[in-house]
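The next block holds one structure in the form of structure tokens; read it before the comments.
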Amino acid sequence: MKDTVFPSSKQATNGGGAAKTTFPSTKSQLYGATRPLYRPQPKPHRYRRSCCCSCCIWTTVTTLILLLLAGVSAAILTLIYSPHRPTFRVSSLRVSTLKITSSSKLITNITLNVNAKNPNKELIYIYDPIAISLTTKNDVVIAKGSFGPFIHGTKNNTLLKATINGGNQELDDSSAGELRVALKNKKGLPLKMKLDTKVKAKIGGLKTPKVGIRVICEGIKVSAPKGKYPSKASISNAKCNVDLRVKTLHSRPPHYSHLIPLAITISKKLNKQTIIALQLTPSKPYVPCEPHPLVQGFGLILGRWEWH
Numbered sequence: 001m002k003d004t005v006f007p008s009s010k011q012a013t014n015g016g017g018a019a020k021t022t023f024p025s026t027k028s029q030l031y032g033a034t035r036p037l038y039r040p041q042p043k044p045h046r047y048r049r050s051c052c053c054s055c056c057i058w059t060t061v062t063t064l065i066l067l068l069l070a071g072v073s074a075a076i077l078t079l080i081y082s083p084h085r086p087t088f089r090v091s092s093l094r095v096s097t098l099k100i101t102s103s104s105k106l107i108t109n110i111t112l113n114v115n116a117k118n119p120n121k122e123l124i125y126i127y128d129p130i131a132i133s134l135t136t137k138n139d140v141v142i143a144k145g146s147f148g149p150f151i152h153g154t155k156n157n158t159l160l161k162a163t164i165n166g167g168n169q170e171l172d173d174s175s176a177g178e179l180r181v182a183l184k185n186k187k188g189l190p191l192k193m194k195l196d197t198k199v200k201a202k203i204g205g206l207k208t209p210k211v212g213i214r215v216i217c218e219g220i221k222v223s224a225p226k227g228k229y230p231s232k233a234s235i236s237n238a239k240c241n242v243d244l245r246v247k248t249l250h251s252r253p254p255h256y257s258h259l260i261p262l263a264i265t266i267s268k269k270l271n272k273q274t275i276i277a278l279q280l281t282p283s284k285p286y287v288p289c290e291p292h293p294l295v296q297g298f299g300l301i302l303g304r305w306e307w308h
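First residue of the sequence shown? That's 1 in full-length UniProt numbering, and the numbers climb one at a time after it.
Laid out in structure tokens, this is it:
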């Protein structure tokens, strides 16, 4: 039997070369030709965040440098001038009127003299008006008034005079009853005097910022006058202490907000009992607080002069 041989490809009709063989297209050829190439997009640079971080760092560094310079200046001035705190003493207190009416109204008229002494040779104190308040141990206000502003020269004793009264204030039944009983005591009615003011120091051409001070005098005993003559208060045991008060601020620049956690952390490390009350919104004032003793050493930094 004769085998039949089939040609592997068709012969060219015109006698040309071998014809090209075609194959079916694959899926990759059908769909890959139109698919775009994936090119990863570069991540945008965080210029804004970087700028904020740089601003915070430079603000913190600048603040620390200024505090350091102020501390060094304060230390130098302290070594040169050795400032001392002023002293206050009650020189006389006379009660012209001290009574409670049947309607629980308090009527008082008191003449007060206070001696202020500046022991410094180079330091001058400049006082604002001084608010006076006489209170009982239960904080019942007996009389109020004020001393005028004055300049306290070096090595100077200044006598401050004022007449204060109670303003015909009405007392509640409990306070009125306690005050009536206390006035009948032969030993007298113990009172406490508070003097509140702001003062700044002057050394040559240099002036410090104003700082609040409070003078508290205890050991005063008064009695109601008998007849037309005023009664003299017992002031032999009266002692006055001068306390510095932190300056109260009513506004804070917004860019200082990043320093709040840092200040709280430093405060806790210095003294666990130290509380730094900071303003969280511009509408709320700072709350006065007691500074750490190490901070007091740099009095001029926070607008205070450390007295020895």
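In this text, a Cβ means the ideal position worked out from N, Cα and C, and glycines have one as well.
Specify whether the segment 90 to 108 and the segment 60 to 71 touch according to this definition: at least 3 beta carbon pairs, one from each stretch, less than 8 Å apart.
No, the segment 90 to 108 is not in contact with the segment 60 to 71.
Use the C-beta contact count for residue 217: other C-beta atoms within 10 angstroms, 16 or more gives buried, fewer gives exposed.
Residue 217 should be labelled buried.
Assigned secondary structure, residue 55 (DSSP; H/G/I helix, E/B strand, else coil)
When secondary structure is reduced to three states using DSSP, residue 55 falls in the helix class.
Buried or exposed for residue 120, going by 16 or more other Cβ atoms inside 10 Å?
Burial call: buried.
According to DSSP, simplified to helix, strand and coil, what is residue 139?
Residue 139 falls in the coil class under three-state DSSP.
Where are the beta strand (DSSP E) runs, 3 residues long or more, that stay fully inside the segment 98 to 182, in chain order?
Within the segment 98 to 182, the complete beta strand (DSSP E) runs of at least 3 residues are 105 to 118, 124 to 127, 130 to 135, 141 to 147, 150 to 152 and 156 to 165.
Among 104, 51, 125 and 54, which has the Cα closest to the Cα of residue 206?
Comparing Cα-Cα distances from residue 206 to each of 104, 51, 125 and 54, the minimum goes to 125.
Classify residue 130: buried if its beta carbon has 16 or more other beta carbons within 10 angstroms, exposed otherwise.
By the neighbour-count rule (16 or more Cβ atoms within 10 Å), residue 130 is buried.
State the CB to CB distance for the pair residue 161 and residue 113, rounded to an integer number of angstroms; the pair is presumed to be in contact (CB under 8 Å).
With 8 Å as the limit, residue 161 and residue 113 qualify as a contact, their Cβ atoms being about 5 Å apart.
Burial state of residue 151, where buried means 16 or more other Cβ atoms lie within 10 Å:
With fewer than 16 Cβ atoms within 10 Å of its Cβ, residue 151 is classed as exposed.
Use the C-beta contact count for residue 149: other C-beta atoms within 10 angstroms, 16 or more gives buried, fewer gives exposed.
Residue 149 comes out exposed.
Express the C-alpha separation of residue 136 and residue 111 in angstroms, rounding to a whole number.
Cα to Cα, residue 111 sits roughly 17 Å from residue 136.
Using the Cα positions of residue 103 and residue 228, report the straight-line distance between them to the nearest angstrom.
Looking at the two C-alpha atoms, the distance is approximately 23 Å.
Give me, in chain order, the residues of the same chain whose beta-carbon lies closer than 6 Å to that of residue 224; leave out the 5 immediate sequence neighbours on both sides.
These residues qualify, in order along the chain: 98 and 183.
Do you know offhand how far residue 115's Cα is from residue 53's?
Approximately 55 Å between the Cα atoms of the pair.
From what residue to what residue does the beta strand (DSSP E) around residue 212 run?
Element bounds for residue 212: 211 to 222.
Do residue 200 and residue 209 have their CB atoms nearer than 8 Å?
The Cβ atoms of residue 200 and residue 209 sit closer than 8 Å to each other.
Distance, residue 71 Cα to residue 254 Cα
Below a pLDDT of 50, predicted positions are generally treated as unreliable, and residue 254, at 43, falls in that range; the measurement from the model is reported next regardless. The alpha-carbon atoms of residue 254 and residue 71 are separated by roughly 25 Å.
Residue 154, buried or exposed, once every other Cβ within 10 Å from all chains shown has been counted against 16
It is exposed - the Cβ of residue 154 has fewer than 16 other Cβ atoms within 10 Å.
Can you give me the Cβ contacts of residue 92 inside the same chain, cut-off strictly under 6 Å, excluding the 5 residues immediately before and after it?
113.
Closest residue to residue 243 among 237, 230, 197 and 232 (Cα-Cα distance)
Comparing Cα positions, the closest option is 197.
Hey, would you say residue 147 sits closer than 8 Å to residue 240, going by beta carbons?
For residue 147 and residue 240, no; Cβs fall outside 8 Å.
Determine which residues share a DSSP beta bridge with residue 208 and list them.
Looking at the DSSP assignment, residue 208 forms no beta bridge with any residue, so it has no partner.
Quick one: grab the DSSP three-state call for residue 75.
Correct three-state label for residue 75: helix.
Do residue 60 and the ligand ADP come close, with the Cβ less than 7 Å from some heavy atom?
With respect to the ligand ADP, the structure shown offers nothing to examine, as it has no ligands at all.
Helix, strand or coil, according to DSSP, for residue 203 in the structure here?
Residue 203 carries a strand assignment under DSSP once its states are collapsed to helix, strand and coil.
Could you compute how far the alpha carbon of residue 190 sits from the alpha carbon of residue 156?
Straight-line spacing of the CA atoms in residue 190 and residue 156 works out to 30 Å.
Local Cβ density within 10 Å of residue 237, reported as buried at 16 or more and exposed below that:
Its Cβ having fewer than 16 others within 10 Å, residue 237 is exposed.
I'd like the list of long-range same chain contacts for residue 212, defined as Cβ closer than 6 Å, with 5 residues on each side in sequence excluded.
Around residue 212: 198 and 245.
Distance check for residue 163 and residue 140, CA to CA, integer angstroms please.
Taking the straight line from one Cα to the other gives about 19 Å.
Helix, strand or coil at residue 185 according to DSSP, with G and I counted as helix
Under the three-state reduction of DSSP output, residue 185 falls in the coil class, being neither helix nor strand.
Straight-line gap, residue 90 to residue 127 (C-alpha atoms, nearest Å):
Each residue's alpha carbon lies about 18 Å from the other.
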